[in-house]
Amino acid sequence: LALAKKTGLDTEMGEAAALVHAASERDTQGVFESKIMDVTEVVIAVTLFITTIILLVQIYARGKSTEDVLLMALSLIIAAVPVALPMVMQITLAIGARKMADHKAIVTHLTAL
Numbered sequence: 005l006a007l008a009k010k011t012g013l014d015t016e017m018g019e020a021a022a023l024v025h026a027a028s029e030r031d032t033q034g035v036f037e038s039k040i041m042d043v044t045e046v047v048i049a050v051t052l053f054i055t056t057i058i059l060l061v062q063i064y065a066r067g068k069s070t071e072d073v074l075l076m077a078l079s080l081i082i083a084a085v086p087v088a089l090p091m092v093m094q095i096t097l098a099i100g101a102r103k104m105a106d107h108k109a110i111v112t113h114l115t116a117l
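Its first residue numbered 5, the sequence shown is counted upward by one per residue in the numbering used here.
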């Protein structure tokens, strides 16, 4: 006969599961990824600023129709934001992991690079 004193998250296994869960929720963004995101935010901000100026000049100074100007502004925004950036970032991290593995380093997460 046995008596259970603790169950669920109150047990040692439950505490370990809670620690693993808490660790997985933390921000695991590496230095490289955070710098890329900073650059991306700047590019987006500059793009929106320039597009707004172009939009206002086209409507008020040149008298273009709002529909045409909005279509042009949308095209500029889409063209300026780097669509392939996540793919390029993952490839760069994978190449770095491969080079580190060649030097016998153990890379478990690409964000550690």
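All C-beta atoms in this analysis are idealised placements derived from N, C-alpha and C, irrespective of residue type, glycine included.
(request) Report buried or exposed for residue 40, applying the criterion of at least 16 other Cβ atoms within 10 angstroms of its Cβ. (result) The C-beta of residue 40 has 16 or more other C-beta atoms within 10 Å across all chains shown, which makes the residue buried.
(request) With a threshold of 16 other CB atoms inside 10 Å of the CB of residue 5, please say whether the residue is buried or exposed. (result) Result: exposed.
(message) Considering Cα atoms alone, identify which of 50, 106, 38, 93 is closest to residue 83.
(response) Cα-wise, what sits closest to residue 83 is 50.
(message) In the DSSP assignment, the alpha helix (DSSP H) including residue 58 goes from what residue to what residue?
(response) In the DSSP annotation of this structure, the continuous segment of the alpha helix (DSSP H) that includes residue 58 starts and ends at 35-60.
(message) Using a 10 Å radius around the Cβ and a threshold of 16 neighbouring Cβ atoms, would you call residue 97 buried or exposed?
(response) When all chains shown are included, residue 97 counts as buried.
(message) Between which residues of its own chain and residue 19 is the CB-CB distance below 8 Å, once the five residues before and five after are set aside?
(response) Contacts found: 13.
(request) Tell whether a beta-carbon distance below 7 Å holds between residue 59 and residue 73. (result) Against a cut-off of 7 Å, the Cβ pair of residue 73 and residue 59 comes out as a contact.
(request) My understanding is that residue 80 touches residue 55, with C-beta atoms under 8 Å, so please give their C-beta distance in whole angstroms. (result) Contact holds; Cβ gap of about 5 Å.
(request) Note down the Cα distance separating residue 65 from residue 45, rounded to an integer number of angstroms. (result) Approximately 29 Å, taken between the alpha carbons.
(request) Please go through the same chain and pick out, in chain order, the residues whose beta-carbon is closer than 6 Å to the beta-carbon of residue 62, but skip the five residues on each side of it. (result) Within its own chain, the residues whose Cβ lies closer than 6 Å to the Cβ of residue 62, once the five positions on either side in sequence are excluded, are 68, 73, listed in chain order.
(request) To the nearest angstrom, report how far apart residue 95 and residue 86 are at their CA atoms. (result) C-alpha separation (whole angstroms): 15 Å.
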